[in-house]
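>
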Amino acid sequence: MKVAIFSDIHGNNYSFERAFNSMLDDNVDYFLFCGDICGYYYNQNEIIDVLRSIKNIRCILGNHDKMFLDIMKGKVDLEFYSGKYGKSFENLSFNITKENFLFLEKLQSECVLTIDGLNIAMFHGTPWDSLNEYCYPDYNFDKYKEFNFDYILQGHTHYRLNKKIGNTHIINPGSLGQPRDGKPPCYVLLDTTTRSIEFISIKYEIEKLISEIKGFDAEPAYLVEVLKRSFKYAEE
């Protein structure tokens, strides 16, 4: 069985569309999403439409997804978020459908499941703080020795990671929407029979997203600058 593992789309439908088509070309049987549909960029509602249409998928909540829900419930100030991260939530608050809002509301920040006999745990952050803790490649992985999962899947850092501790593989597929490790957007393809793990890089028309950012947000400049870390992978 082929399993696609992906994370941190952050409203970047240009990258997500390419990645999803690649997954279909790879004849993926099961889809695992490690959180953060929302935040930064602007096509979040359309991305949720696609995720909801996938039959064999398990999604978990990311910290930006929760922040959007908290804003909509009056727990967090929208102006504070917009000043720090841009107008993605402001845009989403106007166009999200009722069905897609309910989809977000039902997501949990962690999940344990079995696929083809493999025990898998999913967290957006880490097992100790499923929403907010960062597990970068220099993390103290000794803590993971207490687990007996075949795979622990994580997101949040926007850094790729493939590390084995004891019998457990810890995988972070990086970010489809906003990589921060200087590498292109990607997803992981896991073959449950051979247990092979492959990072599949994605090319997309980054200038279209940059043009969209400039239409919504003059600031923060970070929204463009972070994309250009992997600009050389964009299609001209």
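Using our numbering, read the sequence shown as starting at 1 and increasing by one per residue.
Even glycine gets a Cβ: it sits at the ideal position worked out from N, Cα and C.
Can you give, in chain order, each stretch of the beta strand (DSSP E) that sits fully within the stretch 100-167 and has at least 3 residues?
Segments of the beta strand (DSSP E) lying fully in the stretch 100-167: 110-115, 118-123, 151-154, 160-165.
> Please list, in chain order, all residues of the same chain as Y14 whose beta carbon is under 7 Å from its beta carbon, the five residues on each side excluded.
Taking the first residue of the sequence shown as 1, we reach residue 14 at position 14. Excluding residues within five positions, the ones whose Cβ falls inside 7 Å are Y204, E205, K208, L209.
> CB S175 to CB H156, shorter than 7 Å?
The residue you call residue 175 lines up with position 175 of the sequence shown. The residue you call residue 156 lines up with position 156 of the sequence shown. Contact: no.
> I want to know whether the stretch 95-106 touches the stretch 114-128 - three or more CB-CB distances under 8 Å.
With a cut-off of 8 Å, the stretch 114-128 and the stretch 95-106 do not count as touching, because too few Cβ pairs lie within range.
> Quick check on A221: does DSSP put it in helix, strand or coil?
What you label residue 221 is simply residue 221 of the sequence shown in a count that begins at 1. Residue state, collapsed to three classes: coil.
> Please confirm if the stretch 211-229 is in contact with the stretch 191-198, defined as three or more CB-CB distances below 8 Å between the two stretches.
Because the criterion of three Cβ pairs below 8 Å is not met, the stretch 211-229 and the stretch 191-198 do not touch.
> How far does the beta strand (DSSP E) with Y42 in it extend, from its first residue to its last?
Within the sequence shown, the letter at position 42 stands for residue 42. Y42 -> no beta strand (DSSP E), and no H or E assigned at all.
> Count the other CB atoms within 10 Å of the CB of F80; is the residue buried (16 or more) or exposed (fewer)?
Residue 80 sits at position 80 when you count from the first residue of the sequence shown. By the 10 Å Cβ count, F80 comes out exposed.
> Looking only at its chain, what residues have a beta carbon closer than 8 Å to the beta carbon of D29, apart from the 5 residues adjacent to it on each side?
Within the sequence shown, the letter at position 29 stands for residue 29. If we look at D29 and ignore the five residues flanking it on each side, its Cβ neighbours are M1, K2, V3, N56.
> Return yes when the Cβ of N63 is within less than 7 Å of the Cβ of L131, no when it is not.
The residue given as residue 131 occupies position 131 in the sequence shown. The residue given as residue 63 occupies position 63 in the sequence shown. Yes, they are a contact pair.
> Within 10 angstroms of the Cβ of S88, are there 16 or more other Cβ atoms? Answer buried if so, exposed if not.
Position 88 of the sequence shown, counted from the start, is the residue given in the question as residue 88. S88 should be labelled buried.
> By DSSP, does E79 sit in helix, in strand, or in coil?
The residue labelled residue 79 in the question sits at position 79 within the sequence shown. In this structure, E79 counts as helix in the three-state DSSP scheme.
> Where do the N-terminal and C-terminal ends of the beta strand (DSSP E) with R58 fall, by residue?
By 1-based counting over the sequence shown, the position of residue 58 is 58. From DSSP, the beta strand (DSSP E) with R58 extends over 57-59.
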